[in-house]
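Trainee:
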Amino acid sequence: MRSSANVTQQFMADLLGISLVYYRKMENGDRPLSKQFEEKIRNSFFKKRESSTVFVGTNDYTNIRFQTLNVREVVSKILGLNVENFQLNEYNRYQYPFYISYGHINVYYHDKDIKAGVLIEMSGQACREMEYEFEYHQKQRTWYDFFNDCFLYANKKAPENDDFVKITRFDLALDEQYNPQEGNFDLFKLLTSAREGRWNGRKQNYSAVLGGRRTKEGMINDGLTVYFGSKQTHLFFRFYEKDYERASQEMTSVEAIREMYGLRNRYEISMRKEISTDFIKRYIEEDFDLADEGVKIINDNLTFYDKEGNLDSEWYDMMG
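Numbered according to this note's numbering, the sequence shown spans residues 3 to 322.
(1) With 16 as the cutoff for other CB atoms within 10 Å, does V1 come out buried or exposed?
(2) Could you check if K117 is buried or exposed, using at least 16 other CB atoms within 10 Å of its CB as the buried criterion?
(3) Quick check: the Cα distance between G19 and N202, rounded to an integer number of angstroms?
(4) From the DSSP secondary-structure annotation, give me the bridge partner or partners of T60.
(5) Taking the C-alpha atoms as reference points, what is the distance between L237 and I299?
(6) Going by alpha carbons, who is nearest to R200 out of G31, T305, K37?
(7) What's the gap between the Cα of F230 and the Cα of F239?
(8) Checking the sheet assignment: what are the DSSP bridge partners for Y242?
(9) Based on the DSSP secondary-structure assignment, which residues constitute the bridge partners of G119?
(10) Given that a residue counts as buried once 16 or more other Cβ atoms are within 10 Å of its Cβ, and exposed if not, what is A249?
(11) Count the CB pairs spanning the region 56-64 and the region 119-130 that are closer than 8 angstroms, and state whether there are at least three.
(12) Would you call the CB atoms of Y340 and D224 closer than 8 angstroms?
(13) Quick check on the burial criterion: 16 or more other C-beta atoms within 10 angstroms. Buried or exposed for G220?
(14) If we count Cβ pairs, one from each stretch, closer than 8 angstroms, do we get three or more for the region 24-44 versus the region 136-149?
(15) Please determine if the region 263-281 and the region 167-181 are in contact, where contact requires at least 3 C-beta pairs separated by less than 8 angstroms.
(16) Note down, in chain order, each residue of its chain lying with its Cβ closer than 6 angstroms to the Cβ of I169, except the 5 sequence neighbours on either side.
(17) Taking the beta strand (DSSP E) that I259 falls in, what are its first and last residues?
(18) Identify the continuous alpha helix (DSSP H) that holds I300 and give its terminal residues.
(19) In terms of residues, what are the limits of the alpha helix (DSSP H) holding I277?
(20) So the beta strand (DSSP E) R216 belongs to, where does it begin and stop?
(21) Tell me the residue span of the beta strand (DSSP E) that contains I102.
(22) Cβ atoms of F13 and Y301: under 8 angstroms apart, would you say?
(23) Going by other Cβ atoms of all chains shown within 10 Å of its Cβ, with 16 needed for buried, is D165 buried or exposed?
(24) Note down, in chain order, each residue of its chain lying with its Cβ closer than 6 angstroms to the Cβ of A210, except the 5 sequence neighbours on either side.
Quick look at the structure:
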């Protein structure tokens, strides 16, 4: 049953409120499955879930470092752009002596320190600009092609150097599309679950931000953001009301954003260092659907319960 539900042993241990060692003994048949645990499993899993939620998975932040001093080649081979079209900035960042930019796409590089080499930084807006280049100037290139090219380039330039290319940061965003007919998940319910301790998993701390500001046109709400985990770790989660954020950015109404872009909530997974590099390597090998894989990562790290101690039906109707 656990395998067919595609959840981990840790997930099951969290659900039942027992240690991972104890759960493994039950699954292996070394400990009996009590009536109490059997009932909890039945209440949590043996329900037909037919979610109409459609997630769109997007690359929302990427940092890639190459151990080379040839910035011109990296810009050409990896970004598919001409370095002459970049602007040289007068100040430096991240301890790199040189910093060039093309729109919001930033490239930092050394002329002496080959280990620091060349760093490509793409924020969310830069990722959207890169996608424009893919579609209109690079023969319908995709993010899969882009990341594959990174490792093909590494294999060609330094086949014996496993550190030649590293994905030092990758943010995967799952956008919950606006659903006026059936409604959307209420992130305030998730905040209530967090406050009441009705959650478990690999992340043990949470925080929340609810903000807004007064303008000449009236109050503008920035919406709710709930964080799970710490930004200092290599994996943390940020769930927020994307429609409110976009409305604030574009100085328009939330209703207009929902109608124009079909946005409601965003569930963001921020990966750093080894975790982000391993994720992208696996993406290249398996070519999986980013949204499906993002749901698996969330479910593997966070478990939410209702007030009776069973899996939160609203959350898992959405998350699967």
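No residue lacks a Cβ here, since even glycine has one placed at the ideal position from N, Cα and C.
Mentor: According to the structure data:
(1) Here the chain comprises residues numbered 3 to 322, so residue 1 is not present and cannot be evaluated.
(2) exposed
(3) 9 angstroms
(4) A175
(5) So the alpha carbons of these two residues sit roughly 10 angstroms apart.
(6) Measuring C-alpha to C-alpha distances from R200 to each of G31, T305, K37 identifies T305 as the nearest.
(7) 5 angstroms
(8) T227, R268
(9) The partner list for G119 (beta bridge, DSSP) is empty, contrary to what the question assumes.
(10) buried
(11) The region 56-64 is in contact with the region 119-130.
(12) Since the first residue of the chain shown is 3 and the last is 322, residue 340 is not available in this structure.
(13) Counting C-beta atoms within 10 angstroms of its own C-beta, G220 has fewer than 16 neighbours from the protein chains shown and is therefore classed as exposed.
(14) no
(15) With a cut-off of 8 angstroms, the region 167-181 and the region 263-281 count as touching, because enough Cβ pairs lie within range.
(16) Once the five neighbours on either side are set aside, the close Cβ partners of I169 are I66, S278, T279, I282.
(17) Note, I259: premise wrong, no beta strand (DSSP E); alpha helix (DSSP H) at 256-263.
(18) First-last of the alpha helix (DSSP H) with I300: 292-303.
(19) Element bounds for I277: 275-288.
(20) 208-217
(21) 100-104
(22) In the sequence under discussion, the amino acid at residue 301 is Asn, which differs from the Tyr named in the question. Inclusion of N301 and F13 in the CB contact set at 8 angstroms is warranted, their separation being smaller than that value.
(23) Burial call: exposed.
(24) L193, V228
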